[in-house]
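J.: Residue numbers (my numbering): 13 to 334. Ideal placement from N, C-alpha and C gives every residue a C-beta, glycine not left out. All values reported here derive from a predicted model rather than from experimental measurement.
Right, dumping it as structure tokens:
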């Protein structure tokens with residue numbers, strides 16, 4: 013018994029010494045690796061100045077903000093603006109349009125980016141692969157204003173889209189004046205602009221798959237389709253899951269820049285979303301407190317969706333952000 017206790021104490025002492033060696037006091041670590049911490053400072057400063065400090069301004073959602081009085085001097089009204097938003101007659105339309113655009117963009121955009129990445133991955137001619145990948149990425153760097161201008165020209169009665177529809181016997185119309193056509197037109201524009209850029213992450217994940225697995229599959233008689241189905245797609249499953257969770261976390265954050273440039277009162281029924289409503293209320297009607305409350309609701313719902321998606325993913329696939 014005494015030998016056992018002696019050995020136990022020795023093991024405990026050894027573990028304590030090892031723990032102290034591994035947990036260097038932060039002052040010594042800072043002194044030793046000061047150069048690395050110096051690189052981190054700009055990132056910390058960025059988040060403090062542009063992400064955390066502006067949260068103080070979100071308190072105007074609970075006040076009747078008056079620029080002359082400032083944030084603290086404005087009257088506190090509690091949940092008044094939140095109640096007003098949910099009492100708005102068209103609040104259902106805003107959420108419906110936002111969800112439709114987000115879900116369509118998520119499904120179509122992810123499918124297209126994964127499909128394009130698979131096509132690039134299967135190309136055996138490196139020169140052709142580089143050229144086509146560069147061409148697909150190039151639209152991402154074009155200004156949104158220029159992109160929307162091109163889209164508006166294509167949607168005119170004598171534009172490219174109407175010429176193509178004319179081949180199928182469809183009469184030419186101004187597509188941006190038809191409520192039902194706005195979502196497809198916007199999605200086509202977004203695909204052209206972002207599909208090449210979005211596929212980079214998937215292509216990088218595919219390039220990390222061990223080539224010996226493909227060689228073994230070819231020796232067993234697997235074709236290209238079978239290799240993609242049974243090797244490539246399962247290998248990039250963690251990447252697909254993580255990017256899906258992050259996409260769900262911004263599901264209600266539909267960008268308003270392109271919609272504002274493309275839409276008009278005639279298509280508010282399908283084009284008006286939460287972000288455009290916040291823009292109109294905040295910067296057009298100067299209802300700063302009300303628009304901040306709506307934006308805060310949007311952010312809270314996005315966080316809830318992110319947590320739900322992360323929990324489901326962790327339960328089903330054992331892959332999660334946390």
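Report buried or exposed for residue 114, applying the criterion of at least 16 other Cβ atoms within 10 angstroms of its Cβ.
T.: Buried, by the Cβ-count rule.
J.: Put residue 324 into one of helix, strand or coil per three-state DSSP.
T.: It is helical.
J.: So, for residue 33: in the same chain, excluding its five sequence neighbours on each side, which residues have a beta-carbon less than 7 Å away from its beta-carbon?
T.: Here the model assigns residue 33 a pLDDT of 47, short of 50, so the residue's position is not dependable, and the following value carries that caveat. Closer than 7 Å at the Cβ level, and outside the excluded window around residue 33, lies no residue.
J.: With H, G and I counted as helix, E and B as strand and the rest as coil, what does DSSP make of residue 170?
T.: In this structure, residue 170 counts as coil in the three-state DSSP scheme.
J.: For the beta strand (DSSP E) containing residue 76, list its first residue and its last residue.
T.: Unbroken beta strand (DSSP E) run through residue 76: 75-78.
J.: Rounded to the nearest angstrom, what separates residue 258 and residue 43 at their Cα positions?
T.: Those two C-alpha atoms are separated by around 36 Å.
J.: Which same chain residues, not among the five before or five after residue 282, have their C-beta less than 7 Å away from its C-beta?
T.: Contacts found: 109, 191, 192, 194, 195.
J.: So what does DSSP say about residue 204, is it helix, strand or coil?
T.: Correct three-state label for residue 204: helix.
J.: Tell me the DSSP bridge mates of residue 87?
T.: Note: residue 87 sits in a beta bridge opposite 76.
J.: Is the beta carbon of residue 148 closer than 8 Å to that of residue 128?
T.: Yes, the Cβ-Cβ distance between residue 128 and residue 148 is below 8 Å.
J.: Determine the contact status of residue 188 and residue 167, defining contact as a CB-CB distance below 8 Å.
T.: Result yes, Cβ atoms of residue 188 and residue 167 sit closer than 8 Å.
J.: Run through DSSP, which three-state label would residue 316 get?
T.: Helix at residue 316.
J.: Of the choices 57, 92, 66, whose alpha-carbon is the least far from that of residue 74?
T.: Comparing Cα positions, the closest option is 92.
J.: Taking the C-alpha atoms as reference points, what is the distance between residue 316 and residue 325?
T.: Answer to the nearest angstrom: the Cα atoms are 14 Å apart.
J.: Look at the Cβ atom of residue 211, then the Cβ atom of residue 125, and state whether they are nearer than 8 Å.
T.: Yes. Within cutoff.
J.: If you run the structure through DSSP and keep just helix, strand and coil, what is residue 44?
T.: It is helical.
J.: Taking DSSP's pairing of strands, which residues face residue 82 in a bridge?
T.: Bridge partners of residue 82: 78.
J.: Do residue 216 and residue 260 come within 8 Å of each other at the CB atom, strictly closer than that value?
T.: Cβ atoms of residue 260 and residue 216: not closer than 8 Å.
J.: Tell me the DSSP secondary structure of residue 234 in three-state form.
T.: Coil at residue 234, not helix or strand.
J.: Taking just the CA atoms, how far does residue 264 sit from residue 292?
T.: Roughly 17 Å between the two C-alpha positions.
J.: As an exercise, report each continuous beta strand (DSSP E) stretch of at least 3 residues that is fully enclosed by the stretch 230-296, in chain order.
T.: Fully enclosed beta strand (DSSP E) runs of 3 or longer: not present.
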